[in-house]
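Here this note's numbering is used: position 79 in the sequence shown is 82, and no number is missing along the way. Using N, Cα and C, we set each Cβ at its ideal position, and we do this for glycine too. As the structure is a computational prediction, the values presented were derived from the model and not from experiment.
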Amino acid sequence: MTKVKTLEIRGKKRAEIIDYFCGLGGTDTGEEQFCFPGWEAAVGSEGVHAVRGLRFPSVKVVFSGETALVEKAIWAFRIRFLSAGG
């Protein structure tokens with residue numbers, strides 16, 4: 004079964020996200036789309052999310068592929084980019 008899931012990551016630069024996928028050893032198709040066995044991740048362009056004068060980078064990442072592998076990849080991605088305010 005195939006799954007497609009889009010996540011919007013705020014507060015992290017696009018370059019950090021690309022570095023993460025490069026570090027996983029996937030094949031970069033040259034358009035910030037990374038291919039792994041059974042799943043893919045496409046990194047969108049960096050935008051800005053503004054909250055009361057504060058501006059945060061915002062990047063959409065689209066995961067697609069076999070359901071179990073996509074869910075595992077998303078879980079690992081969320082753990083890596085988890086942050087808490089304080």
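Per DSSP, the unbroken beta strand (DSSP E) holding G50 starts and ends at W42 to V54. It is roughly 23 Å from the alpha-carbon of K15 to the alpha-carbon of W42.
T32: not part of any alpha helix (DSSP H); DSSP gives it neither H nor E. In this structure, the beta-carbon distance from K6 to V73 falls below 7 Å. If the five residues before and after I12 are omitted, its C-beta is found closer than 8 Å to the C-beta atoms of I20, S61, V62, K63, V64 and F84, all from its own chain and listed in chain order.
G29 is positioned such that its CB atom lies closer than 7 Å to that of F39.
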